[in-house]
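Numbering (the numbering used here), first residue to last: 49 to 491. Built from N, CA and C at the ideal position, the CB exists for glycine as well. As the structure is a prediction and not an experimental result, all values here were calculated from the model. Encoded as structure tokens, the structure appears first; notes follow it.
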């Protein structure tokens, strides 16, 4: 039988109570930061809960993970949150990776607005069906391999591949989720090997269980072998409550194939469940097998779906901290970093130095005919035209991540202000990671 599902997931769509217009006798709906109407609680854990939600602007249904910052800080969970967001952000263009739409925060909560996997966990499908037909199992396996191939080419190992982390959309397509244990390239030492034990024992590679250095991609290959076995057999190949006994079974390849599993599928599983990572079948090698290629449409296998979004800039997981993450949200007030005045302003984040932001602003000003006035602080510049003066000020949070504020400090005619404001913002676009349009009108 399958190990029980105990993690925080999105349940099947037929169990969801989606947000509906409020009737007069019902209490008002909960509106999250003025952007999302929260619906039914989908699941909860020690540090977070997940709600189905509807975008007020687009009416699109989403899933919102609400993370308690105080609890996660006490438990040292911040690195996992950062990993999940960074990994999902890097991989969001792959059709079989759960997409992250937005990250918001207040002083007490972090909100991850994600794609809603209306089909729930594939775990539930396997549990209810007992096992899947080989053609159906192959389709899910193909989609998982496609997603992981893309992950590995981006330098990311998932490290916790299991049915509870594999969701289904409303069309029945597989979505890889929960990258909290994923290893980003910065987690590797000079050898390229990983050094922390992650994952769930029934799906975890033996070298990880043994706390040895390991290759994250090869560890994912092992988990793929367990997953394919589970899809076809309806239960895990190795299952023992005593971790030492389970480890012995793994090392001795002590498992049996049900007679209904075909020989080609058995061969792939056997080669993936090789306790020696050096000789274990790689995910890339799986894609070359006839069994894997059967019924595979070219459009379905997308290990190189498209180039990364250049506007996101180069990611530097080794320098990102929880504060940096929170600072990307409009709701987290960074105004203490700047001089507070009642004026029109906006903020943006950029993956250049503070001096780089100022130099870009100066270049834009000179090109557009603004008078450029440099301040004694190299991180501040004033641009003037007519009776309008716009100041751009930047603060470097960590190397490679800057938060900047642009504000009107002088201006008489609003129409003139808007014209000059637009000219500058358009020019800054190429260095902006994200705009935070918490704009205060002058008063």
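Residue from the options whose Cα sits closest to the Cα of residue i
| i | options | result |
| --- | --- | --- |
| residue 334 | 483, 323, 313 | 313 |
| residue 117 | 107, 104, 96 | 96 |
| residue 498 | 453, 467, 81, 192 | What the structure shows of the chain is the stretch from 49 to 491, and residue 498 is not part of that stretch, so it cannot be assessed. |
| residue 251 | 309, 193, 271 | 271 |
| residue 275 | 295, 324, 224 | 224 |
| residue 295 | 255, 318, 310, 279 | 255 |
| residue 154 | 317, 81, 279 | 81 |
| residue 396 | 341, 325, 474, 424 | 474 |
| residue 406 | 428, 418, 417, 101 | 428 |
| residue 165 | 298, 78, 100, 198 | 100 |
| residue 293 | 336, 263, 308, 249 | 249 |
| residue 284 | 478, 144, 179 | 179 |
| residue 203 | 144, 325, 257, 263 | 263 |
Residue i versus residue j - alpha carbon distance
| i | j | result |
| --- | --- | --- |
| residue 476 | residue 431 | 13 Å |
| residue 83 | residue 399 | 26 Å |
| residue 175 | residue 403 | 57 Å |
| residue 268 | residue 288 | 21 Å |
| residue 151 | residue 300 | 45 Å |
| residue 394 | residue 91 | 36 Å |
| residue 471 | residue 331 | 49 Å |
| residue 140 | residue 111 | 15 Å |
| residue 221 | residue 130 | 26 Å |
| residue 186 | residue 107 | 34 Å |
| residue 192 | residue 109 | 24 Å |
| residue 120 | residue 133 | 15 Å |
| residue 232 | residue 261 | Note that residue 232 has pLDDT 32, beneath the 50 cutoff, so the model's placement of it is unreliable and no number is given. |
| residue 442 | residue 434 | 24 Å |
| residue 195 | residue 323 | 23 Å |
| residue 89 | residue 102 | 13 Å |
| residue 418 | residue 162 | 42 Å |
| residue 450 | residue 426 | 14 Å |
| residue 198 | residue 226 | 16 Å |
| residue 142 | residue 279 | 23 Å |
| residue 73 | residue 145 | At residue 73 the pLDDT is 43, less than 50, meaning the model places this residue with poor confidence; the figure from the coordinates comes in the next sentence. When rounded, the distance between both Cα atoms is 40 Å. |
| residue 298 | residue 336 | 26 Å |
| residue 401 | residue 481 | 12 Å |
Residues bridged to residue i (per DSSP)
| i | result |
| --- | --- |
| residue 483 | 396 |
| residue 92 | 97 |
| residue 432 | 419, 437 |
| residue 456 | 438 |
| residue 159 | 114, 152 |
| residue 102 | 85, 109 |
| residue 121 | Answer is none; residue 121 lacks a bridge partner. |
| residue 223 | 215 |
| residue 169 | 215 |
| residue 313 | In the DSSP output, where bridge partners are listed per residue, residue 313 has none listed. |
Sequence-distant residues of its chain with Cβ nearer than 6 Å to residue i (five each side left out)
| i | result |
| --- | --- |
| residue 200 | 265 |
| residue 346 | For residue 346, the pLDDT reaches just 49, beneath the cut-off of 50, and the residue's location in the model is therefore unreliable, although a value from the coordinates is still provided. Hits under 6 Å: none found. |
| residue 413 | 420, 431 |
| residue 306 | 281 |
| residue 327 | none |
| residue 189 | 276 |
| residue 416 | 471 |
| residue 304 | none |
Sequence-distant residues of the same chain with beta carbon closer than 8 Å to residue i, five excluded per side
| i | result |
| --- | --- |
| residue 310 | 182, 339 |
| residue 358 | Note that residue 358 scores a pLDDT of 34, beneath 50, so its modelled location is shaky and nothing firm can be said. |
| residue 79 | 85, 86, 104 |
Close Cβ partners of residue i (< 7 Å) along its chain, the five nearest in sequence each way excluded
| i | result |
| --- | --- |
| residue 424 | none |
| residue 273 | 317, 320, 321 |
Does the pairing of the segment 208 to 217 with the segment 166 to 180 give three or more beta-carbon distances under 8 Å? yes
Can you confirm whether the segment 104 to 118 touches the segment 156 to 168 when touching is taken to mean that 3 or more C-beta pairs between the two stretches lie within less than 8 Å? yes
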